[in-house]
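Asker: In our numbering, the protein residues as written are 34 to 162.
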Amino acid sequence: MLEKDFSRYYSLDAWWEDRVKKLPEEIQRTFPFLIVPKASKSEKNSGLENNIHPTVKPVTLMSYLVTLGSRKNDVVLDPFSGSGTTGIACVFSERNYILIEREKEYFKIMEARIENAKNPHNLVEHEYF
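1) Determine contact between the region 122-139 and the region 51-61, defined as no fewer than three beta-carbon pairs at a distance below 8 Å.
2) Kindly provide the ranges of any beta strand (DSSP E) runs that are 3 or more residues long and lie completely inside the region 44-116, ordered along the chain.
3) So the alpha helix (DSSP H) Ile142 belongs to, where does it begin and stop?
4) Can you look up Ile133 in the DSSP assignment and give me helix, strand or coil?
5) Using the C-alpha atoms, what's the distance from Arg146 back to Gly117?
6) Taking 8 Å as the cut-off, decide whether the C-beta atoms of Ile142 and Leu81 are in contact.
7) Quick check: the region 98-113 against the region 72-86, are there 3 or more CB pairs under 8 Å?
8) Should Glu134 go down as buried or exposed, given a rule of 16 or more other Cβ atoms within 10 Å for buried?
9) Would His86 be called buried (16 or more neighbouring beta carbons within 10 Å of its own) or exposed?
10) If I measure Cβ to Cβ from Val89 and keep anything under 8 Å in the same chain, skipping five residues before and after, which residues do I get?
11) For a quick check, are the C-beta atoms of Tyr130 and Val108 less than 8 Å apart?
12) From Ser103 to Pro112, what does the alpha carbon distance come to, in whole angstroms?
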């Protein structure tokens with residue numbers, strides 16, 4: 034049964050919770066990525082004073098996606114790189130990358146975040162590598 038939340042739409046949480054338990058364990062492990070599309074504030078601002086990009090993705094999500102479609106040392110293309118999360122995922126997972134961003138402000142954000150990720154003191158262990 035669907036429950037109403039505070040929005041004008043019905044919440045899918047109740048619907049998903051019952052169905053996720055019936056899925057194979059491998060798929061259940063990926064389920065959190067389906068419901069956590071926002072980066073934390075500290076992840077969003079890593080290497081920056083204030084990141085103004087409106088849709089920063091979690092590095093763990095992008096790392097998972099990058100490793101699904103590529104191998105170490107492959108080249109990953111992101112033609113709309115925004116805040117650079119795909120590039121960060123490539124740094125952590127030992128992929129090469131080509132990032133394209135037309136907005137100068139977002140390019141500067143991307144550059145700062147990737148440089149911060151390349152610093153050995155800032156490396157984070159991700160479960161998908």
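Don't be surprised by glycine CBs; every beta carbon is placed ideally from N, CA and C.
Answerer: On the basis of the data shown:
1) When Cβ pairs closer than 8 Å are counted between the two stretches, the region 122-139 is seen not to touch the region 51-61, the count staying below three.
2) 108-111
3) For this step, residue 142 is matched to residue 109 along the sequence shown. Its alpha helix (DSSP H) spans residues Lys137 to Lys151.
4) To locate residue 133, count along the sequence shown from 1; it is residue 100. The answer is coil: DSSP assigns Ile133 none of H, G, I, E or B.
5) Numbered from 1 along the sequence shown, position 84 holds the residue referred to as residue 117. Numbered from 1 along the sequence shown, position 113 holds the residue referred to as residue 146. The alpha-carbon atoms of Gly117 and Arg146 are separated by roughly 7 Å.
6) Walking along the sequence shown from the start, residue 142 turns up at place 109. Walking along the sequence shown from the start, residue 81 turns up at place 48. Result yes, Cβ atoms of Ile142 and Leu81 sit closer than 8 Å.
7) Result no; under three Cβ-Cβ pairs closer than 8 Å.
8) Position 101 of the sequence shown holds residue 134. Label assigned to Glu134: buried.
9) Within the sequence shown, numbered from 1, the residue matching residue 86 stands at position 53. His86 should be labelled buried.
10) Mapped onto the sequence shown, residue 89 falls at position 56. Correct list, in chain order: Lys71, Ala72, Glu76, Lys77, Gly115, Ser116 and Thr118.
11) Residue 130 sits at position 97 when you count from the first residue of the sequence shown. Residue 108 sits at position 75 when you count from the first residue of the sequence shown. Cβ atoms of Tyr130 and Val108: closer than 8 Å.
12) Residue 103 sits at position 70 when you count from the first residue of the sequence shown. Residue 112 sits at position 79 when you count from the first residue of the sequence shown. One alpha carbon belongs to Ser103, the other to Pro112, and they sit about 16 Å apart.
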